[in-house]
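Under our numbering, residues 252 to 633 are what the sequence shown spells out, in order.
Even for Gly, the Cβ is constructed at its ideal location relative to N, Cα and C.
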Amino acid sequence: MSSKLPENIRVINEGESDGRNWVFKITSMSGREVIAIAVSPANSSRTGPTWSYVFESEGLTTVDLGTPDSLNNLAKSYEYAGISINEIDRLIITHGHSDHDGTVPEFLAQSGARFYAHESYSALKTFDQWDIQDRGATPLQIELGRLGREKIDSDVYKDRYELHKDYYEARKTTVVDTNLVDGASIPGATILSTPGHSPDQICVKIDNLLLTGDHVLPEITPHPTSKMVFKEKIGNSPLVKSLRAEDLYGLGTYIKSLGIVVALGSEVQLLPAHRFFNKGKLNLGGVERASDIVLHHQNRLERLHSHIGNGKCSLTELTTRLFDRSKLLGGNLMAALSEVVAHLELLEDVGDIEISSGGSITHTDSEPPQYLEFIKNQGVYS
Numbered sequence: 252m253s254s255k256l257p258e259n260i261r262v263i264n265e266g267e268s269d270g271r272n273w274v275f276k277i278t279s280m281s282g283r284e285v286i287a288i289a290v291s292p293a294n295s296s297r298t299g300p301t302w303s304y305v306f307e308s309e310g311l312t313t314v315d316l317g318t319p320d321s322l323n324n325l326a327k328s329y330e331y332a333g334i335s336i337n338e339i340d341r342l343i344i345t346h347g348h349s350d351h352d353g354t355v356p357e358f359l360a361q362s363g364a365r366f367y368a369h370e371s372y373s374a375l376k377t378f379d380q381w382d383i384q385d386r387g388a389t390p391l392q393i394e395l396g397r398l399g400r401e402k403i404d405s406d407v408y409k410d411r412y413e414l415h416k417d418y419y420e421a422r423k424t425t426v427v428d429t430n431l432v433d434g435a436s437i438p439g440a441t442i443l444s445t446p447g448h449s450p451d452q453i454c455v456k457i458d459n460l461l462l463t464g465d466h467v468l469p470e471i472t473p474h475p476t477s478k479m480v481f482k483e484k485i486g487n488s489p490l491v492k493s494l495r496a497e498d499l500y501g502l503g504t505y506i507k508s509l510g511i512v513v514a515l516g517s518e519v520q521l522l523p524a525h526r527f528f529n530k531g532k533l534n535l536g537g538v539e540r541a542s543d544i545v546l547h548h549q550n551r552l553e554r555l556h557s558h559i560g561n562g563k564c565s566l567t568e569l570t571t572r573l574f575d576r577s578k579l580l581g582g583n584l585m586a587a588l589s590e591v592v593a594h595l596e597l598l599e600d601v602g603d604i605e606i607s608s609g610g611s612i613t614h615t616d617s618e619p620p621q622y623l624e625f626i627k628n629q630g631v632y633s
């Protein structure tokens, strides 16, 4: 390890420089202990291990698991900490991405734990995640769908589905015992609803420790969702009907959620789901990291706003100007396009641009740009 650890963190098991197999014990300001366990993915992953956190309060609670087919890796990492899966009483998933809930059915079957997740996780997990958005609802979504069909080989997504088909089908049948909402209390912790990267994203607060899932990460800027209009058949399902999509999706929602973390104050220590340990060092951080992520998106908004003012207005042109060519290959192109859409949606919402029914994007000449005022009002800069 390249640096000395703070007094409240102790190494239980030393692993690899990329984070695999590391286990730490972290003590909160009031003496609560949280075990941080790196769960190696079943396949290579640019984000590295998923960090699972275990704490004791009226039994053992674990937060997040890992990728599909990684249950054996989880069990091995638990052993380093002297824990077995069948000792876990409570499972919390920070959000429904496969590197966090990839082994939920097998884990529940082995542990008998009760399953906790955000209420929107229960509502949406029964649907194919790539098939809930009405791509014809707005000009930007229409263009995004067209470019996806035109420029991206559909086999990329078919292969991805086939690789984890069992996971996608099994998660539809899992039963959430407790649906979490903002401010919910569970033994030993409080839940914060922090959507934007994912509609069901939560953070788990244990004293001054905040388990952030993918909401706030070191070294990585989490991908924001675009605004959501559910397909009619999905929006009419009873559980989805109760959700307010405008409160769960979009860059504006993400920035507001980052403001929630900043408001917790400087004593809070963030425990992320990825890159907690990487390149031989522990990535420790506080709420200032949430401010850094907002600044990243503010800079992107500024660049897009400037390009539109210079007449570079198509979604393709804006995306190629914002991202390096290496980020626009294969399936990465769709991620880049959708991120640009998320930023354009915010610029439109605050009145800095107008988007016609035909998809043309123009400045409104608002001075100063209103996105700056929007960001300022979220209290994201401590």
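Enumerate in chain order the residues of its own chain whose CB-to-CB distance from G387 is below 8 Å, with the five nearest sequence positions on each side excluded.
Apart from sequence neighbours up to five positions away, the residues of its chain that approach G387 with a beta-carbon distance below 8 Å are I393, G396, ordered along the chain.
How do the segment 345-357 and the segment 470-481 stand: do at least 3 beta-carbon pairs fall below 8 Å, yes or no?
The segment 345-357 is not in contact with the segment 470-481.
On the criterion of 16 or more Cβ atoms from any shown chain inside 10 Å, does R400 qualify as buried, or is it exposed?
So R400 counts as exposed.
Can you say whether R297 is buried or exposed, counting buried as having 16 or more other CB atoms within 10 angstroms of its CB?
exposed
What are the start and end residues of the beta strand (DSSP E) that includes Y367?
365-369
Can you tell me whether W302 is helix, strand or coil according to DSSP?
strand
On a CA-only basis, which of V314, V290, S371 is nearest V491? Give me that one, please.
S371
Are I506 and I606 close, meaning C-beta to C-beta below 8 Å?
no
Short of 6 Å in beta carbon distance, which residues of its chain neighbour V592, apart from the five on each side in sequence? Order them along the chain.
L391, L395, S477
How is G317 classed by DSSP in three states: helix, strand or coil?
In the three-state DSSP reduction, G317 falls in the strand class (E or B).
Answer yes or no: do L555 and H614 have a C-beta to C-beta separation smaller than 8 Å?
no
L623 (DSSP reduced to helix, strand or coil):
helix
Runs of beta strand (DSSP E) lying entirely within the segment 504-577, each at least 3 residues, in chain order
For secondary structure counted as the beta strand (DSSP E) over 3 or more consecutive residues, the segment 504-577 holds these complete runs in sequence order: 520-523.
Can you name, in chain order, every residue of its own chain whose Cβ lies under 8 Å from the Cβ of T425, other than the five neighbours on each side?
V355, P356, L359, F366, K376
Of all the options D433, G439, L431, Q380, which has the alpha carbon lying nearest to the alpha carbon of Y418?
Q380
On the three-state DSSP scale, how would you describe E284?
Strand at E284.
Rounded to the nearest angstrom, what separates I544 and S308 at their Cα positions?
32 Å
C-beta atoms of A287 and L521 nearer than 8 Å:
No, these two residues do not count as a Cβ contact at 8 Å.
Using three-state DSSP, classify S362 as helix, strand or coil.
helix
Helix, strand or coil at N264 [DSSP, three-state]:
strand
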